[in-house]
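> Chains as they are written, first to last, in the numbering used here: chain A, 311 to 425; chain B, 142 to 253.
For every residue, glycine included, the Cβ atom is placed at its ideal position computed from N, Cα and C.
The structure under discussion is supplied below as structure tokens; questions concerning it will follow.
If you want it as structure tokens, here you go:
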């Protein structure tokens, strides 16, 4: 299994540009999520999905869109990049195995700079 | 709003010592707690978890303690090694939710 993969690893955008961060998992996990991590901070939830066709907003959703057309893929779209979106973005997938276990795996991250 | 937080942003220990990382949570509706380790340049990695109906859970060199009375969570690392140097996050999952909410993290520095 490749686990959770993210592309690209690094990206520089100009203010106003749009782009899509890709995320894929091969573990057949039902839950997927996007977080952003700023220096000295924890991870803040942007959007999440509990299954194909179902998405919802997290703590900081403004400026981002997501879709979940398949179980495997969960792309994050930046509609019009702003310097405040400079951050490291992590995608994660998870499976809740009944009432006793929870497994969440993170991708390696995408480091985004908006100038 | 209610959130997960940490008492100490940085913890420095000597190799071989035991480390204790603390976390305070305020959401009494959380029923699942997870500790993650994040090494520089990498995504967080699951270490150990605990359900709200448990007080203690042990793994390999790690123990998580949950005190629901004072809403406190701790991660104990035995015989800390230089490879344990990383940022550690606690996270909680609210009852009925499936996505963890993270605290700010504690940086653990292990001196040889």
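Which residues in the same chain have their Cβ closer than 6 Å to the Cβ of residue 190 of chain B, if we skip the five residues on either side of it in sequence?
In the second chain, counting from the first residue as 1, residue 190 of chain B sits at position 49. Hits under 6 Å: 175.
> Which two residues bound the contiguous beta strand (DSSP E) that contains residue 160 of chain B?
Translated into the one-based positions of the second chain, residue 160 of chain B becomes position 19. Per DSSP, residue 160 of chain B belongs to the beta strand (DSSP E) from 160–166.
> Out of A/419, A/415 and A/425, which one is the CA nearest neighbour of residue 339 of chain A?
Sequence index remark: in the first chain, residue 339 of chain A carries index 29 (1-based). Nearest C-alpha to residue 339 of chain A: A/415.
> For residue 212 of chain B and residue 197 of chain B, I'd like the C-alpha separation in whole angstroms.
Counted from its first residue, the second chain places residue 212 of chain B at position 71. Counted from its first residue, the second chain places residue 197 of chain B at position 56. One C-alpha to the other measures close to 14 Å.
> Are the beta-carbon atoms of residue 151 of chain B and residue 248 of chain B separated by less than 7 Å?
The sequence position of residue 151 of chain B within the second chain is 10, counting from 1. The sequence position of residue 248 of chain B within the second chain is 107, counting from 1. Result yes, Cβ atoms of residue 151 of chain B and residue 248 of chain B sit closer than 7 Å.
> Taking Cβ-Cβ distances below 9 Å as the criterion, which residues of the segment 368–397 of chain A are in contact with chain B?
For the segment 368–397 of chain A, which is checked against every Cβ of chain B, the residues closer than 9 Å are 368 and 369.
> Note down, in chain order, every chain A residue with its Cβ under 7 Å from the Cβ of residue 244 of chain B.
Counted from its first residue, the second chain places residue 244 of chain B at position 103. Residues of chain A passing the Cβ test: 352.
> Compare the C-beta of residue 184 of chain B against all C-beta atoms of chain A and say whether one is closer than 7 Å.
Here residue 184 of chain B corresponds to residue number 43 of the second chain, with the count starting at 1. So, interface residue.
> Taking Cβ to Cβ, would you say residue 378 of chain A is nearer than 7 Å to residue 365 of chain A?
Against the first chain, residue 378 of chain A aligns to sequence position 68. Against the first chain, residue 365 of chain A aligns to sequence position 55. Contact flag set, yes.
> Need the endpoints of the beta strand (DSSP E) that residue 268 of chain A sits in, please.
In this structure chain A extends from 311 to 425, so residue 268 of chain A is not present and cannot be described.
> Checking contacts by CB at 7 Å: is residue 173 of chain B closer than that to chain A?
Here residue 173 of chain B corresponds to residue number 32 of the second chain, with the count starting at 1. Yes, because at least one Cβ of chain A sits closer than 7 Å to the Cβ of residue 173 of chain B.
> So, helix, strand or coil for residue 395 of chain A, using DSSP?
On the first chain, position 85 is the one that residue 395 of chain A refers to. Correct three-state label for residue 395 of chain A: helix.
> Using CA coordinates, which residue listed in B/186, B/170 and B/218 is at the minimum distance from residue 155 of chain B?
Taking the first residue of the second chain as 1, we reach residue 155 of chain B at position 14. Of B/186, B/170 and B/218, the residue nearest in Cα terms is B/218.
> In the DSSP assignment, find the unbroken beta strand (DSSP E) run with residue 354 of chain A in it and report its ends.
Translated into positions along the first chain, residue 354 of chain A becomes position 44. First-last of the beta strand (DSSP E) with residue 354 of chain A: 353–361.
> Are the C-beta of residue 343 of chain A and some C-beta of chain B separated by less than 7 Å?
Residue mapping note: residue 343 of chain A aligns to position 33 of the first chain, counting from 1. Yes, residue 343 of chain A counts as interfacial toward chain B.
> Let me know if residue 185 of chain B comes out buried or exposed under the rule of 16 or more other beta-carbons within 10 Å of its beta-carbon.
Taking the first residue of the second chain as position 1, residue 185 of chain B is located at position 44. Its Cβ being crowded by 16 or more others within 10 Å, residue 185 of chain B is buried.
> Hey, is the segment 164–175 of chain B in contact with the segment 383–395 of chain A, meaning 3+ C-beta pairs nearer than 8 Å?
Result no; under three Cβ-Cβ pairs closer than 8 Å.
> Determine, for residue 399 of chain A, whether the minimum Cβ-Cβ distance to residues of chain B falls below 7 Å.
The residue you call residue 399 of chain A lines up with position 89 of the first chain. No, its Cβ sits nowhere closer than 7 Å to a Cβ of chain B.
> Look up residue 190 of chain B in the DSSP assignment and give the residues it is bridged to.
As a position in the second chain, residue 190 of chain B is number 49, starting the count at 1. For residue 190 of chain B, which the question treats as bridged, DSSP gives the partners B/175.
> Could you tell me the boundaries of the beta strand (DSSP E) in which residue 218 of chain B lies?
Along the second chain, read from residue 1 onward, the residue named residue 218 of chain B stands at position 77. Segment 213–218, the beta strand (DSSP E) holding residue 218 of chain B.
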